[in-house]
Structures are given as structure tokens and as C-alpha cells.
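Below: the structure, in C-alpha cells.
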Ligand code: UDX
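In my numbering, the protein residues as written are 970 to 1396.
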């Protein structure tokens, strides 16, 4: 089939490359000319495992990139909207990029005779596809949804760093369409996939995505709350959650307690769902608490630190890990951000080491000290806070000898070193 993918960010470029791998013909569309040139040259616009390989394999063949909406829509049967949905100031979702992309698709549809389906893949709150995207399409194309063109919503469940794998091996495929015809056409794209397809209406598909991410975030905040109680009782929360996860109704995944969840999805999606719930007159107590626990959790590390070494003014505190999780340079909503901000507010001298994320964190905190090695960052430190679950931190031992103090507070349960004054965040 012939597909156009609107937006060549993280979701768009992975979707485009993976659909090419499935065997479809794909046109990437983005207003960013440079990105389009990169894709045509087989260079991925973002780093994602396996993406470069796919682009090199299909760029200029089954996959081409352009900034011409009109030809892309004319020459394809289905368009996926894969543009960003950032958070507005109040935590609600900012749909201005979705609107712009939708209006451009609509303008191109106005000039097309054949039936076409527009699919929203961007994460949007329930009702957006039907009450926002669909009317903008009708308005800008002068055509009628359900007759001249179809509309559907097909959320993604891709983990950063594993996005290509996740796309090719999904646990589920969700297609919410306004009518049978639109849904059938989108379903056809996934014909070769082994997993079952859940068919629904667009609002249900949108809600599935939010419920999915909110439940995973809830599991983490729950594990953190249990961890905080366990710590006071002298009970090991990892032993507790390991056993809890053996219940087949629960599953052992996403029950690791620690400094909390970050990234571009969980915090943003939970907040957007809270915003939507409030807008329609419901106060989501549980979801508010999920965010509440997550905001407090990293700061508990500083409370422990103060208990152990007293006033932080003038003390050198080393952070190991800046990325929101391991194997990425992404620092969006990283739990190390509120920790650095609080340490600076308390007058501490902050030094940091991360295998990949230093350059990104420098943009937010340009004045703290960054090192290229854990050992250098730890040199004469009064204490150390471990913020990210990097594998290499498991091997650290002699590096801690460079510290002045011996206190290491582990926010991810990764440290194995013996010769330190170890304290787990919530175990
Ligand atoms: C997540 C979802 O997994 C994915 O399906 C969705 O589409 C986008 O959001 P991602 O943000 O890449 O993916 O990260 P993920 O690997 O899920 O981890 C999220 C955060 O939770 C990280 O900060 C991680 O450190 C934290 N986490 C994860 C925990 O604190 N404990 C856990 O048990 C698991």
C-alpha cells in the first residue's frame, strides 16, 4: 500500500521506516527541508536502534521524503499524522502543530479525487480526532468525512531506544475509526503482523493510549510509595515487589521503585489526561497522586542526603546519571533535573557524569561541573546521588575512592560497590 507519514520526528521516522520494512511504499512529509534531505540520504533524523539500517535500506527506494504535501497526499492512500503534541503551560495538550499538519493535509485533499484515509498517530486526548482533526479536515478540504475521505486513530506504544523493535513486534495494534471502510484500510496495513488488532472508535483508541501509559506510570508510583513505606519498616521493597509481580494478574514489569519516571511520555500523558478529566468535570484523585508521588520521589534523595551529611551549602555533590533512563541521551522530565535545581538552591556545588546525556543537560544547567568519567566527577565529592539505571554504574568500585565523603544514595538500585556508605532511596 502507499502511505504518507506527516512529521519526521521520533514517531514519524520510526513509523515510516518500519512500514517500508513491512513492504509498503512510504512518503515522509515534513516542513523541515534539512530533515527531508537527511532521510533521502538514508540518515536518521534521531538516534534510534535499527532506524539507520532501515533508512539506508529503503531511502530513495520504497521510502522517499518531501516537503510537498500535495504530491504526497495525491500519490498515497493513507496519511499518518505523527507530529508532536507538547504540553501547554497548564499541562494540557497543545494541538497547534496537529492543527497545522491537518490543515495542510486538508488543503491537499481538496485537490484529490480518490478516497483517502487520514490516521492520527500522535498522542492526543480523547475526542481530539473526531471533534478537532475531523472538522479541520472537512473545513480545509471542503469534503465530507465518511464519504470523500476516512478518519482513524492508531496509537503507538513505542519505547525510546526500542522503538523499531516495538513497532515490528507489538503486543497490540489499536485502530479506532469513524467507519468500517477507514478501519478496514488501516487494518490492511498491519495484515502481516501476528498480534491481534483491537478495533474501536477514535475516542476509545485515544483513551486506550492514555489508560495504558497512565497505568504503567501508576505501577511505578505505586512501587515507589510501597518502597517509601518499606524503607521505614526496614523491609526490602524489591523482595516485596518481586513476589507481588509473580501474581499473573499483576506482572513483574514496571514495579522497580526508585527516583521515579521521566521521559517524553509518562509525565506529559498523565498530566494531559488529568487536564482532560477536569475539563469534563471529573477530578482524577488517583492520577493526581501518581504525579504527586513522582514529583516528591527524587527530592527524597536530598532529604536523606541532609540527614546523612547535614547542611549542603558549599558541599560537592556528584550526580551519576542525567538521562531519564539508561541507553538514551534524552533528559526530558529526567528526575535528575529537579534534584540539580534543589541542590543548587541549597547552595551545593554540583558535579555530574552521564555516558550520553551531558550535552543535553548543559543546555539546562550550563554552570554545573560535567566530567567525561565517573571517577573525575566523584573526585573530592562529599556525597554521590545515582539518578539513572546505567549498566556501567554496576561496575563502579575503585572510582568511589576518589570521593572525600563515602555517602552514596542510590536512586535506581544499580550500585554494587562495597567500600562506600550505601543508602538506597527506598529500600
Ligand atoms: C514509555 C512507554 O513504555 C511506551 O510504551 C510509550 O509509548 C512511551 O513512554 P519510554 O518513555 O521510552 O516509554 O520509557 P520507559 O522505558 O517506559 O521508562 C519510563 C520511565 O520509567 C523511565 O524514567 C524509567 O526509569 C522509569 N521506570 C520504569 C521506573 O522508574 N521503574 C520501572 O519499573 C520502569
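A virtual CB, placed ideally from N, CA and C, is assigned to each residue, including glycine.
None of these values were measured; they are calculated from a predicted model.
So is residue i buried or exposed if we call it buried at 16+ other beta carbons inside 10 Å?
i            : result
residue 1037 : exposed
residue 1309 : buried
residue 1322 : buried
residue 1008 : buried
residue 1188 : buried
residue 1032 : buried
residue 1382 : buried
residue 1062 : buried
residue 1204 : exposed
residue 1237 : buried
residue 1335 : exposed
residue 1304 : buried
residue 1307 : buried
residue 990  : buried
residue 1104 : exposed
residue 1217 : exposed
residue 1324 : buried
residue 1251 : exposed
residue 1010 : exposed
residue 1219 : exposed
residue 973  : buried
residue 1158 : buried
Using beta-carbon positions only, say whether residue i and residue j come within less than 7 angstroms of one another.
i            : j            : result
residue 1287 : residue 1320 : yes
residue 1144 : residue 1160 : no
residue 1086 : residue 1123 : no
residue 1078 : residue 1118 : yes
residue 1354 : residue 1371 : no
residue 1229 : residue 1266 : yes
residue 1040 : residue 1014 : no
residue 1094 : residue 1247 : no
residue 1256 : residue 1239 : yes
residue 1028 : residue 1005 : no
residue 1260 : residue 1253 : no
residue 1273 : residue 1358 : no
residue 1100 : residue 1046 : no
residue 1313 : residue 1281 : no
residue 1017 : residue 1132 : yes
residue 1209 : residue 1278 : no
residue 1458 : residue 1186 : It is not possible to answer for residue 1458, since the shown part of the chain is limited to 970 through 1396.
residue 1201 : residue 1395 : no
Do you know how far the Cα of residue j is from the Cα of residue i?
i            : j            : result
residue 1120 : residue 1147 : 6 angstroms
residue 1052 : residue 1362 : 35 angstroms
residue 1108 : residue 1097 : 15 angstroms
residue 1164 : residue 1126 : 14 angstroms
residue 1150 : residue 988  : 20 angstroms
residue 1025 : residue 1019 : 10 angstroms
residue 1213 : residue 1378 : 25 angstroms
residue 1374 : residue 1317 : 14 angstroms
residue 1137 : residue 1196 : 35 angstroms
residue 1352 : residue 1227 : 18 angstroms
residue 985  : residue 1223 : 29 angstroms
residue 1276 : residue 1285 : 16 angstroms
residue 1268 : residue 1170 : 41 angstroms
residue 1166 : residue 1134 : 18 angstroms
residue 1056 : residue 1332 : 20 angstroms
residue 1264 : residue 1302 : 10 angstroms
residue 1112 : residue 1139 : 34 angstroms
residue 1110 : residue 1211 : 54 angstroms
residue 1380 : residue 994  : 45 angstroms
residue 1082 : residue 1115 : 15 angstroms
residue 1225 : residue 1206 : 9 angstroms
residue 998  : residue 1021 : 18 angstroms
residue 1172 : residue 1003 : 35 angstroms
residue 1084 : residue 1341 : 55 angstroms
Going by beta carbon distance, what residues of the same chain come within less than 6 angstroms of residue i, once the five residues before and after it are set aside?
i            : result
residue 1297 : 1129 and 1130
residue 1271 : 1311
residue 1001 : none
residue 1080 : none
residue 1339 : 1321 and 1327
residue 1181 : none
residue 1060 : 1240 and 1244
Near residue i, which residues of its chain fall below 7 angstroms by C-beta distance, leaving aside the five closest residues on each side in sequence?
i            : result
residue 1074 : 975, 1038, 1042, 1048, 1087 and 1106
residue 1178 : 1092 and 1124
residue 1262 : 1190, 1193 and 1194
residue 1295 : 1357, 1358, 1359 and 1360
Excluding five sequence neighbours on each side, which residues of the same chain lie with their C-beta closer than 8 angstroms to the C-beta of residue i?
i            : result
residue 1050 : 975, 976, 1067, 1070, 1071, 1074, 1087, 1088, 1089, 1090, 1091 and 1102
residue 1343 : 1289, 1322, 1361, 1362, 1365 and 1368
residue 1299 : 1129, 1232, 1233, 1292, 1293, 1326 and 1329
Got a sec: is the Cβ-Cβ distance from residue i to anything in chain B below 7 angstroms?
i            : result
residue 1171 : Structure shown: chain B not included; a single protein chain is present.
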